[in-house]
Amino acid sequence: MVEEPGPVQAPRGTKDVLWPESWRWEQVVARFASLAERFGFGLVLNPMFEDVRVFRRGIGDDSDVVGKEMYELTDRGGRQLALRPEGTASVVRAFVQHRPTTPWRAWYVTPAFRYERAAAGRYRQHHQVGVEALGTDDPDLDVEVVSLAVAVVADLGLEQVELAVNSMGCSECRPAYVVLLLAHLRARSDDLCDEHRVRYQVNPLRVLDCKTAACRDGTADAPRLVDHLDAACAAHFARVLEGLGSLGIPYRLEPRLVRGFDYYTRTTFELAATALEAAQNAVGGGGRYNGLVEQLGGPPTPGIGFGMGIERLLLACDAEGVLPAEPPAPDVFVVDLTGGAEARDLVAELRRAGLVAERAYDGRSMKAQLKLADRSGAPIAVLIGAQELRAGQVTLRQMGDPHGGQAQVARAQVVPELVCRSHHRQAAHGVPPVTRSEERP
RNA sequence: GUGGCCGUAGCUCAGUUGGUUAGAGCGCCAGGUUGUGGCCCUGGAGGUCGGGGGUUCAAGUCCCCUCGGUCACCCCA
Numbered sequence: 050m051v052e053e054p055g056p057v058q059a060p061r062g063t064k065d066v067l068w069p070e071s072w073r074w075e076q077v078v079a080r081f082a083s084l085a086e087r088f089g090f091g092l093v094l095n096p097m098f099e100d101v102r103v104f105r106r107g108i109g110d111d112s113d114v115v116g117k118e119m120y121e122l123t124d125r126g127g128r129q130l131a132l133r134p135e136g137t138a139s140v141v142r143a144f145v146q147h148r149p150t151t152p153w154r155a156w157y158v159t160p161a162f163r164y165e166r167a168a169a170g171r172y173r174q175h176h177q178v179g180v181e182a183l184g185t186d187d188p189d190l191d192v193e194v195v196s197l198a199v200a201v202v203a204d205l206g207l208e209q210v211e212l213a214v215n216s217m218g219c220s221e222c223r224p225a226y227v228v229l230l231l232a233h234l235r236a237r238s239d240d241l242c243d244e245h246r247v248r249y250q251v252n253p254l255r256v257l258d259c260k261t262a263a264c265r266d267g268t269a270d271a272p273r274l275v276d277h278l279d280a281a282c283a284a285h286f287a288r289v290l291e292g293l294g295s296l297g298i299p300y301r302l303e304p305r306l307v308r309g310f311d312y313y314t315r316t317t318f319e320l321a322a323t324a325l326e327a328a329q330n331a332v333g334g335g336g337r338y339n340g341l342v343e344q345l346g347g348p349p350t351p352g353i354g355f356g357m358g359i360e361r362l363l364l365a366c367d368a369e370g371v372l373p374a375e376p377p378a379p380d381v382f383v384v385d386l387t388g389g390a391e392a393r394d395l396v397a398e399l400r401r402a403g404l405v406a407e408r409a410y411d412g413r414s415m416k417a418q419l420k421l422a423d424r425s426g427a428p429i430a431v432l433i434g435a436q437e438l439r440a441g442q443v444t445l446r447q448m449g450d451p452h453g454g455q456a457q458v459a460r461a462q463v464v465p466e467l468v469c470r471s472h473h474r475q476a477a478h479g480v481p482p483v484t485r486s487e488e489r490p
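The number in the working numbering is simply the position in the first sequence, starting from 1, with 49 added.
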C-alpha cells in the first residue's frame with residue numbers, strides 16, 4: 050500500500066475549530082448549559098459510540114440516518130458498534146440502564162456523526178447541544194422544552210428564527226390517518242414529483258415534507274394529521290399550543306412538519322434560521338417520543354427533547370451579525386527589555402493574583418514587544434528596562450491612550466496596583482469585581 | 001449517493017489566444033527611531049499554482065483521474 054505524499058488533512062466533512070472561533074463555541078455551550086440548568090436539566094455524558102442496536106431500534110431502521118448515514122464499525126472483540134448519529138437514543142439508553150427517578154431531565158453536548166455529502170452547515174461530524182426529559186406526558190413539559198429551545202436562540206441574540214410545531218399523533222391514531230393519506234396520494238400520484246410518484250408508499254408522511262412544487266401541489270388538499278388526532282392527542286396538542294400562546298412564544302402551526310426519526314409521537318417542532326440562505330437552515334428540532342424507552346427495553350415511559358446544531362447556530366449568528374468572536378483581552382502585557390527573567394517572574398505573580406497576564410518571548414525589541422502588547426488588547430503594559438531594574442520600579446503604560454500616559458510604580462507594588470485597576474475596570478464595565486466590600490459605606 | 005461550479009502565499013484575490021525567474025493587497029518579520037504600540041516609509045521571509053497522470057518544444061492555463069470546498073437534490077443539526 051503506497052501512501053499519498055504530502056500533508057494529511059482533516060477528513061471530508063470535518064473541521065478544526067481554532068481560537069478565536071473556538072471562543073464562540075465556548076459561549077454557545079456555556080450559555081446553553083446555564084439556561085438548561087435554570088430549567089432544571091442536569092448534564093449527562095454518554096459514550097460517543099454505542100451498540101448499533103441502540104440506534105436501529107431507537108431511530109428506526111428505515112430512516113435515512115440509520116439506513117445510509119451511520120458510521121458503523123466492528124471492534125477487535127467483534128462487537129457491532131456505531132458512532133452516535135444524534136443524541137436522544139444514547140440518553141434514553143442510559144435512562145433504561147440506570148433508571149433514575151422521574152421526571153428525569155438531562156442536557157448534553159456531543160459530536161454527532163453522519164456519513165453524508167458535506168456542504169456548508171452540513172458536516173460528517175457536527176456537534177449538538179440538547180435536552181431530554183423523561184417520565185411525564187404532561188403537555189406543560191412540552192411547553193417548557195420548546196420555550197427552552199426558543200430561549201437559547203434568543204440568548205445568543207438571534208432574532209430571525211421561526212418556530213414550527215406539529216403533532217404526530219400516537220400509535221393509536223396515526224395508522225388510521227396514514228390510510229387516509231395513502232388513499233389521497235394514490236389518487237393524486239400523477240401530480241407528485243418523480244421520486245414520490247413511485248415511492249410514496251414507503252413513507253407517505255415524508256411526501257408531505259417534500260419541497261418540490263409538484264408534491265406541494267399534489268398534497269395541497271391532502272388530509273391533515275392534526276385534523277385526525279384522537280381525543281387524547283388532540284387535547285394534549287391543544288394544551289401545548291395554549292401554553293405557547295400564554296408564554297407569548299410565536300409559533301407557526303405546520304401540519305406538514307415531518308421529522309426524520311421514527312420515534313416521534315405527539316408534539317414535534319423545528320427551529321429554522323430564516324437569515325440563512327442555504328437549505329441547511331434548521332438550527333434545532335425535537336419532539337416527544339412516548340414509545341422510545343420501551344423500544345430500548347425499558348418500562349413504558351414518555352419523553353420529550355430536542356437537539357440544536359452548534360455549527361448551524363453559529364452560521365445563523367454570522368448571518369445576523371451577532372455573537373462575534375471577541376475573546377477578552379489580557380489584563381496586562383509585560384514588556385521586558387532586560388532579557389526576559391523579569392517578565393517570567395512578574396507574569397507568574399500576576400497570574401497567581403488572578404490576572405490574565407501576557408508577555409513576549411525571544412528577547413524581541415521594545416518596538417516589537419509593544420506592538421504585541423497593542424495587538425493583545427491589554428489596557429496596560431508593564432515596561433521593565435535597565436532603568437526600572439536599577440531603581441526597583443516598573444513603568445505602567447496606558448495602552449489605547451493616544452497620549453500614552455505612563456506612571457512609575459515600585460516593583461513591590463505592581464501586583465496589588467494592577468489587581469486594583471483591574472477591579473475598577475470591571476466595575477466600570479458592569480462586571481462585579483471579586484471583592485466589593487470596600488464599596489459599602 | 002447523483003448533478004453543477006470552484007481549488008494560485010497565512011487571508012482575500014489577479015494571472016491575456018498555453019510562452020522566460022508566478023504577482024497584488026492585507027497579515028507576518030526586520031529596519032527607519034541603540035527605551036515606546038497604532039499612522040507612514042523601506043526592505044525581507046513566505047508558493048509541491050490541491051494531488052497524480054496525460055497532450056505539447058513549452059501547462060497555473062488544455063484533457064483524464066483523484067482529494068477538498070461549495071450549490072442544488074436528498075436528508076437533517
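We put the CB at the ideal spot given by N, CA and C, even for glycine. Predicted, not measured: the structure shown is a model, and the values here were computed from it.
In this chain, the beta strand (DSSP E) harbouring Trp153 covers 153-162. The C-beta distance from Thr387 to Ala422 rounds to 16 Å, too long to meet the 8 Å contact threshold. Judged by DSSP in its simplified three-state form, His473 adopts helix. Across the set Gln455, Arg61, Tyr300, Trp68, the C-alpha of Tyr300 shows the shortest separation from the C-alpha of Val192.
Gly136 is positioned such that its CB atom lies closer than 7 Å to that of Gly179. Secondary structure at Met448: coil, using DSSP grouped into helix, strand and coil. Cβ-Cβ distances below 7 Å link Phe81 to Val178, Val201 in the same chain, with the five nearest sequence neighbours on each side left out; the list follows chain order.
Closest in C-alpha terms to Pro373, from the list Thr268, Leu207, Thr159, Ser83, comes Leu207.
Taking 7 Å as the cut-off, the Cβ atoms of Ser139 and Arg133 count as close. For Thr137, the secondary structure class from DSSP, reduced to helix, strand or coil, is helix. In the pairwise beta carbon analysis, the region 268-281 is classified as touching the region 226-242: at least three pairs are separated by under 8 Å. If you draw a straight line from the Cα of His176 to the Cα of Gln129, it is about 23 Å long. In the three-state reduction of the DSSP assignment, Phe286 falls in the helix class.
In this chain, the alpha helix (DSSP H) harbouring Asp258 covers 253-258. Bounds of the alpha helix (DSSP H) holding Met415 are 415-425. By the CB criterion at 7 Å, Gly333 and Leu320 fall inside the cutoff. Checking the DSSP bridge columns, you'll see Val180 partnered with Trp156, Phe355. Membership of Arg125 in any beta strand (DSSP E) is not indicated, and neither H nor E is assigned to it by DSSP. If you check the CB distance, Arg154 and Phe90 come in under 7 Å.
By the CB criterion at 7 Å, Glu211 and Thr350 fall outside the cutoff. With respect to Ala390, Val383 sits apart: the two C-beta atoms are not nearer than 7 Å. Taking a C-beta distance under 7 Å as the contact criterion, Ile429 and Val443 do not qualify as a contact pair.
With distances taken between CA atoms, Arg305 lies nearest to Ala269 out of Ala269, Gly346, Arg288.
Taken in chain order, the whole alpha helix (DSSP H) runs of length 4 or more contained in the region 339-411 are 341-344, 359-369, 390-401.
The distance from the Cβ of Gly107 to that of Val141 is about 7 Å, consistent with a contact at the 8 Å cut-off. In this structure Arg171 touches Gln329 by the C-beta definition: roughly 5 Å separates them, less than 8 Å.
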